[in-house]
């Protein structure tokens, strides 16, 4: 850099044989004057806009970065089909990790030469199963909906599976596992709750109060939390319906 005083390299600035003065005829170095690769030791600094144009076939990288003694390389190139590719690969040129900006505007992410997820031109996001063939988690940007097991969600959250599928809600030991319902004013107005401390399943209504319970013995309790009713006693032998006037129906 001590030999360069302005934006051009001239014959007067060459102090060694790295670039022969015969290669310079008009105070500039052009591609026509270079017939071999240029080796740069150390750091290359570039100021301003720089255009790098490839030569050779479409499959040849525009830029290939390697390190001596390392079996991995980083390639940036156009694959000839309008797709821009950033590839981290072994020197056998088999892609290990790849980012592809496709001609149709889709941004793809691959590992082991297998598609893992992509972002569509409209903002849709697809996550693929292990073979990279089918999207199993899909965000529909325009509908603002999430599909699990489907790429056509018809609700805010659409879960689709085979003959045996479900959603699991797991809490800590003795905690509550809940599916809650609410609105903008009150985020939890009711729900379905499993109490792991006493193994009861609760149906919660207005103000998230317990309205019905199935206890660990299988008893259905409506409007109360115990099988013992004042004035009646324990009702586990049958079914009891008790009104405010003290009447009841029981079947043992």
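Residue numbers (the working numbering): -8 to 243. Glycine included, every Cβ here is placed at the ideal spot set by N, Cα and C.
Query, Result
"Three-state secondary structure (DSSP) of residue 210", "coil"
"DSSP-derived helix/strand/coil call for residue 12", "Caution is warranted here: a pLDDT of 48 is assigned to residue 12, below 50, making its placement in the model unreliable, and the coordinate value is therefore given only provisionally. DSSP places residue 12 in helix when its eight states are reduced to three."
"Span of the beta strand (DSSP E), counted from its first residue to its last, around residue 150", "148 to 150"
"Contact set for residue 96: own chain, Cβ-Cβ below 8 Å, skip 5 residues either direction", "111, 112"
"Alpha carbon of residue 71 to alpha carbon of residue 94, nearest angstrom", "10 Å"
"Euclidean distance between Cα positions of residue 77 and residue 180", "50 Å"
"Sequence-distant residues of its chain with Cβ nearer than 8 Å to residue 101 (five each side left out)", "86, 88, 89, 90, 91, 107, 123"
"Own chain, CB closer than 8 Å to residue 161, minus 5 neighbours either side, in chain order", "168"
"Per DSSP, the bridge partner or partners of residue 136", "131"
"From 154, 159, 131, 157, residue whose alpha carbon lies closest to that of residue 146", "131"
"Cα-Cα separation, residue 191 to residue 158", "19 Å"
"Nearest-angstrom Cα separation, counted from residue 170 out to residue 323", "Because the chain spans -8 through 243 in this model, residue 323 falls outside it and cannot be assessed."
"Which of helix, strand or coil DSSP assigns to residue 109", "strand"
"Distance between residue 188 and residue 57 (C-alpha atoms, nearest Å)", "59 Å"
"Backbone CA spacing between residue 185 and residue 153 [nearest angstrom]", "25 Å"
"Straight-line gap, residue 79 to residue 53 (C-alpha atoms, nearest Å)", "14 Å"
"Coarse secondary structure for residue 186, derived from DSSP in three states", "strand"
"Beta-carbon proximity list for residue 134, same chain, < 8 Å, skipping 5 on both sides", "144"
"In DSSP terms, what residue 81 is bridged to", "63"
"Residue 69 - DSSP class collapsed to helix/strand/coil", "strand"
"CB-CB length for residue 182 against residue 199, believed under 8 Å", "7 Å"
"Pairwise C-alpha distance: residue 121 and residue 63", "24 Å"
"Local conformation of residue 143 per DSSP, three classes", "coil"
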